[in-house]
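See structure below.
Protein chains: 2
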Amino acid sequence: MHDHHPFIETLRQREYRITPQREMIIEAVTTSGSEHVTAEEIFEQVHDKSSALNIATVYRTLEILVEEGLISRADLGGGQMVYATSHHGPHIHLVCRYCWQVIDADYDLIAPFGDALRAQYGFSADLQHLAVFGVCATCMAALEE
Amino acid sequence: MHDHHPFIETLRQREYRITPQREMIIEAVTTSGSEHVTAEEIFEQVHDKSSALNIATVYRTLEILVEEGLISRADLGGGQMVYATSHHGPHIHLVCRYCWQVIDADYDLIAPFGDALRAQYGFSADLQHLAVFGVCATCMAALEE
DNA sequence: TCGCTTATTGCGAGTAATTGCAAATACAAG
DNA sequence: CTTGTATTTGCAATTACTCGCAATAAGCGA
Numbered sequence: 000m001h002d003h004h005p006f007i008e009t010l011r012q013r014e015y016r017i018t019p020q021r022e023m024i025i026e027a028v029t030t031s032g033s034e035h036v037t038a039e040e041i042f043e044q045v046h047d048k049s050s051a052l053n054i055a056t057v058y059r060t061l062e063i064l065v066e067e068g069l070i071s072r073a074d075l076g077g078g079q080m081v082y083a084t085s086h087h088g089p090h091i092h093l094v095c096r097y098c099w100q101v102i103d104a105d106y107d108l109i110a111p112f113g114d115a116l117r118a119q120y121g122f123s124a125d126l127q128h129l130a131v132f133g134v135c136a137t138c139m140a141a142l143e144e
Numbered sequence: 000m001h002d003h004h005p006f007i008e009t010l011r012q013r014e015y016r017i018t019p020q021r022e023m024i025i026e027a028v029t030t031s032g033s034e035h036v037t038a039e040e041i042f043e044q045v046h047d048k049s050s051a052l053n054i055a056t057v058y059r060t061l062e063i064l065v066e067e068g069l070i071s072r073a074d075l076g077g078g079q080m081v082y083a084t085s086h087h088g089p090h091i092h093l094v095c096r097y098c099w100q101v102i103d104a105d106y107d108l109i110a111p112f113g114d115a116l117r118a119q120y121g122f123s124a125d126l127q128h129l130a131v132f133g134v135c136a137t138c139m140a141a142l143e144e
């Protein structure tokens with residue numbers, strides 16, 4: 000019983016059933032070269048190898064992985080959610096709503112805010128993969144000209 | 000040529016054309032009793048009085064109002080975006096991803112984060128109507144039991 | 001190994017929001 | 001008031017995602 004991937008082992012321990020679909024999706028999401036993947040990209044990557052997969056299953060599996068804290072999801076505004084494995088470490092995305100450029104910002108900037116929410120409201124905010132919308136320096140300069 | 004609503008006047012000054020549809024949508028979004036409205040609610044409210052309106056026009060008009068800074072939009076996670084007029088004042092929504100309860104939090108908590116982003120990255124973040132996802136105190140207690 | 005139970009999948013329908021394009025119309029100029 | 005034209009609208013198609021339900025199959029015990 001050798002499972003090849005720690006995510007599989009974690010899911011098994013938490014009493015999820017290990018299906019070929021889930022194995023393929025986990026394989027795809029964790030071996031992706033880029034930092035962020037969309038559900039559609041995962042679907043295509045897996046579908047190339049095996050046609051036994053439905054897009055709804057991709058969404059449902061990613062949902063489980065997010066709930067179990069193995070991956071994180073962010074809305075970068077391009078009309079699709081993006082997913083990242085948690086071992087990339089917490090980070091913030093600053094998304095410009097004019098040029099759609101994404102700037103990666105230091106997580107430490109938002110950490111005090113998370114602490115304050117926990118202290119004041121008992122609320123544990125998901126800030127490890129936060130997307131913040133706004134206007135970047137370049138576009139701001141262009142607007143003010 | 001008396002326009003009744005400051006938003007109309009602002010749009011006219013910025014060289015948008017004033018159509019009956021835009022007037023009705025602005026009327027609906029600003030006279031709504033509740034703090035947040037959805038595009039669908041606005042559409043229904045206006046459609047009751049005049050059938051000359053399409054849902055796509057509602058979305059396009061709201062988009063303009065957001066871009067012009069007259070209203071703000073937030074994704075509270077229920078599958079629908081909610082809109083609020085800016086004069087309600089800045090506020091944060093803490094959305095629990097288990098029970099979907101929404102807690103209104105003090106804007107002052109997030110203000111230092113916005114300042115830091117501006118200082119360090121020249122990025123002007125839209126934080127005046129931010130939705131933050133996480134787990135509320137009640138659900139957290141239930142999970143840890 | 002063979003069933004049994006229950007989680008999971010695939011499929012199709014449904015939802016909120018966006019977009020391309022032709023028809024309609026706001027508004028300025030004559 | 002009429003005309004010209006660029007903007008805006010309505011419509012239909014499309015996208016990203018979700019959901020209900022019947023069929024399938026994972027994992028357990030015998």
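Those protein sequences? They're chains A and B, same order as listed. Take 0 as the starting number for the first sequence in numbering that gives the first Met the number 0 and just add one per residue. Take 0 as the starting number for the second sequence in numbering that gives the first Met the number 0 and just add one per residue. Beta carbons: idealized from backbone N, C-alpha and C, even for Gly.
Over what stretch of residues does the alpha helix (DSSP H) that includes residue i continue unbroken?
| i | result |
| --- | --- |
| B:Phe-6 | 5-12 |
| A:Ile-109 | Per DSSP, A:Ile-109 belongs to no alpha helix (DSSP H) and is neither H nor E. |
For the beta strand (DSSP E) containing residue i, name the first residue and the last one.
| i | result |
| --- | --- |
| A:Leu-129 | 128-134 |
For the ligand COA, I want to know if residue i counts as a neighbour, meaning its beta carbon is within less than 8 Å of at least one of the ligand's heavy atoms.
| i | result |
| --- | --- |
| A:Met-80 | Absent from the structure shown: the ligand COA. Ligands present: none. |
Closest by CA to residue i, which one among the options?
| i | options | result |
| --- | --- | --- |
| A:Ala-212 | B:Asp-125, B:His-128, B:Leu-93 | No answer is possible for residue 212 of chain A: it lies beyond the span of chain A, which begins at 0 and ends at 144. |
| B:Tyr-58 | B:Ala-118, B:Ile-25, B:Met-139 | B:Ile-25 |
| A:Phe-6 | A:Ile-63, A:Arg-117, A:Val-101, A:Gly-78 | A:Ile-63 |
| B:Leu-69 | B:Glu-8, B:Ser-49, B:Phe-112, B:Gly-76 | B:Glu-8 |
| A:Ala-136 | B:Thr-60, B:Thr-37, B:Ile-41, B:Tyr-120 | B:Tyr-120 |
| A:Gln-20 | A:Ser-31, A:Val-36, A:Ile-41 | A:Ile-41 |
| B:Ala-104 | A:Ala-104, A:Arg-96, A:Cys-95, A:Arg-117 | A:Arg-117 |
| B:Asp-74 | B:Asp-47, B:Thr-37, B:Asn-53 | B:Thr-37 |
| A:Glu-39 | A:Gly-133, A:Ile-54, A:Asp-47, A:Ser-85 | A:Ile-54 |
| A:Phe-132 | B:Ala-140, B:Gly-113, B:Gly-78 | B:Gly-113 |
| A:Glu-66 | A:Leu-52, A:Gly-76, A:Ser-85, A:Gly-77 | A:Ser-85 |
| B:Gly-77 | B:Ala-140, B:Ile-91, B:Gln-100 | B:Gln-100 |
What's the gap between the Cα of residue i and the Cα of residue j?
| i | j | result |
| --- | --- | --- |
| A:Ala-83 | A:Gln-127 | 11 Å |
| A:Ser-145 | B:Ile-17 | Because chain A is modelled from 0 through 144, residue 145 of chain A falls outside the range shown and cannot be assessed. |
| A:Glu-34 | A:Cys-98 | 20 Å |
| A:His-87 | A:Ile-102 | 16 Å |
| A:Ala-130 | A:Leu-142 | 22 Å |
| B:Pro-89 | B:Tyr-106 | 6 Å |
| A:Gln-12 | A:His-3 | 15 Å |
| A:Ser-50 | A:Gln-44 | 10 Å |
| A:Thr-29 | A:Ile-109 | 26 Å |
| A:Val-134 | A:Tyr-15 | 42 Å |
| B:Leu-61 | A:Val-81 | 25 Å |
| B:Cys-138 | A:Asp-125 | 14 Å |
| B:His-46 | B:Leu-52 | 7 Å |
| B:Ser-31 | B:Leu-10 | 20 Å |
| B:Met-23 | A:Ser-71 | 41 Å |
| A:Pro-111 | B:Cys-95 | 19 Å |
| A:Gln-79 | B:Gln-79 | 15 Å |
| A:Thr-56 | A:Ala-27 | 14 Å |
| B:Ile-91 | B:Lys-48 | 34 Å |
| A:Ala-140 | B:Ala-140 | 47 Å |
Notebook entry, point to check: Along the chain, which unbroken stretches of the alpha helix (DSSP H) at least 4 residues long are found entirely within the stretch 30-114 of chain B?
Noted result: If we require 4 residues or more, the alpha helix (DSSP H) runs fully inside the stretch 30-114 of chain B come out as 38-48, 54-66.
Note to self: Beta carbons nearer than 9 Å to chain A: which residues of the stretch 119-132 of chain B have them?
What the structure shows: Gln-119, Tyr-120, Gly-121, Phe-122, Ser-123, Ala-124, Asp-125, Leu-126, Leu-129, Val-131, Phe-132
Next item on the list: Compile a chain-ordered list of the residues in the stretch 83-112 of chain A whose CB is closer than 9 Å to at least one CB of chain B.
Entry: Ile-91, Leu-93, Cys-95, Arg-96, Ile-102, Ala-104, Asp-105, Leu-108, Ile-109, Pro-111, Phe-112
Notebook entry, point to check: Quick one, which residues of the stretch 33-44 of chain B are near chain A if we go by CB-CB under 9 Å, in chain order?
Noted result: Cβ proximity to chain A below 9 Å picks out nothing from the stretch 33-44 of chain B.
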